[in-house]
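Enquirer: Below you'll find the structure I mean.
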Amino acid sequence: MKGEERRKQLLKILSSSTGPVSGGTLSQELHVSRQIIVQDISLLRANGSTIFSTNKGYLLQEEKKYSRVFKVYHTDDQVEEELSAIVDAGGQIRDVFVYHKVYGVLKADMGIKSRRDIRAYMEEISTGKSSLLKNVTSGYHYHTIDAESEEILDAIQEELRQRGFLAKLQDYEPVDFWGGQD
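Just so you know, we're using full-length UniProt numbering here: the sequence shown kicks off at 1 and counts up by one.
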């Protein structure tokens, strides 16, 4: 197993654990020495993972994220306003998707976290080589929004409502688009 793959496995083990995992246990599971585990932990920390060392082993602190799906409607000219309202309120736009009566759910990842990301997205769309996904369903579409708290999601919902972007779910639309999965 290569280093990068091993570190992914290490993170997976730590994230699925309910308590600290000892270096010895990690080295046995990953078939490497404890020194390699120590080095891997250092590399993971350097790359932004919050891993604590305790007297009983390693603990991974994962940031709690909240997410909500919003159904929205707006014109092509209002795309930047919609996206800016979301990121300005503290949200991250994970994806855009539509629910088509014939084709079902059509989805595209966005990963928009800042106005800089919005500008890059708008530049890409403005080339005219592609159309906005919302246009497949006459402007109606959905975004999965991630935030650090339910309060931020509530503020985003209120901002979208005030701007007239929130849309009502129709009877034919499924409430749980992913069948319990993201």
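The C-beta atom is built at its ideal place from N, Cα and C for all residues, glycine as well. Values in this document were obtained by computation on a predicted structure and should not be read as measured data.
#1: Just the C-alpha distance for Gly111 and Asp117, rounded to the nearest angstrom, thanks.
#2: Flag this pair as yes or no: are the beta carbons of Tyr142 and Val38 separated by less than 9 Å?
#3: Would you call the CB atoms of Ala85 and Phe165 closer than 9 Å?
#4: So, are the CB atoms of Arg94 and Asp146 less than 9 Å apart?
#5: Are residue 208 and Leu60 closer than 9 Å when you measure CB to CB?
#6: Candidates Gly23, Val79 and Arg115: which alpha carbon is nearest Gly91's?
#7: Between which two residues does the beta strand (DSSP E) carrying Tyr99 extend?
#8: Comparing alpha-carbon positions, which option in Met122, Ile41 and Ser138 lies nearest Lys12?
#9: Need the endpoints of the beta strand (DSSP E) that Lys107 sits in, please.
#10: From Ser67 to Glu148, what does the alpha carbon distance come to, in whole angstroms?
#11: Report the partner residues of Leu133 according to the DSSP bridge assignment.
#12: Hey, how far is the Cα of Glu124 from the Cα of Lys168?
#13: When we look at the beta-carbon of Thr144 and count the other beta-carbons within 10 Å, is it buried (16 or more) or exposed?
#14: What residues are listed by DSSP as bridge partners for His143?
#15: Any idea what DSSP makes of Leu59, helix, strand or coil?
#16: For Leu14, which of helix, strand or coil comes out of DSSP?
Expert: Judging by the given coordinates:
#1: A direct Cα-Cα distance of roughly 8 Å separates Gly111 from Asp117.
#2: Going by C-beta atoms, Tyr142 is not nearer than 9 Å to Val38.
#3: A contact, by the Cβ cut-off of 9 Å.
#4: Yes; because the gap between Cβ atoms is below 9 Å, this pair is in contact.
#5: No answer is possible for residue 208: it lies beyond the span of the chain, which begins at 1 and ends at 182.
#6: Comparing Cα-Cα distances from Gly91 to each of Gly23, Val79 and Arg115, the minimum goes to Arg115.
#7: Its beta strand (DSSP E) spans residues Gln92 to His100.
#8: Taking only the C-alpha atoms, the option nearest Lys12 is Ile41.
#9: Its beta strand (DSSP E) spans residues Gly104 to Ile112.
#10: So the alpha carbons of these two residues sit roughly 9 Å apart.
#11: None; Leu133 has no bridge partner.
#12: Distance between the alpha carbons of Glu124 and Lys168: 29 Å.
#13: Around the CB of Thr144, 16 or more other CB atoms lie within 10 Å, so the residue is classed as buried.
#14: Paired residue(s): Phe70 and Val96.
#15: The DSSP-derived three-state label of Leu59 is strand.
#16: Helix, per DSSP.
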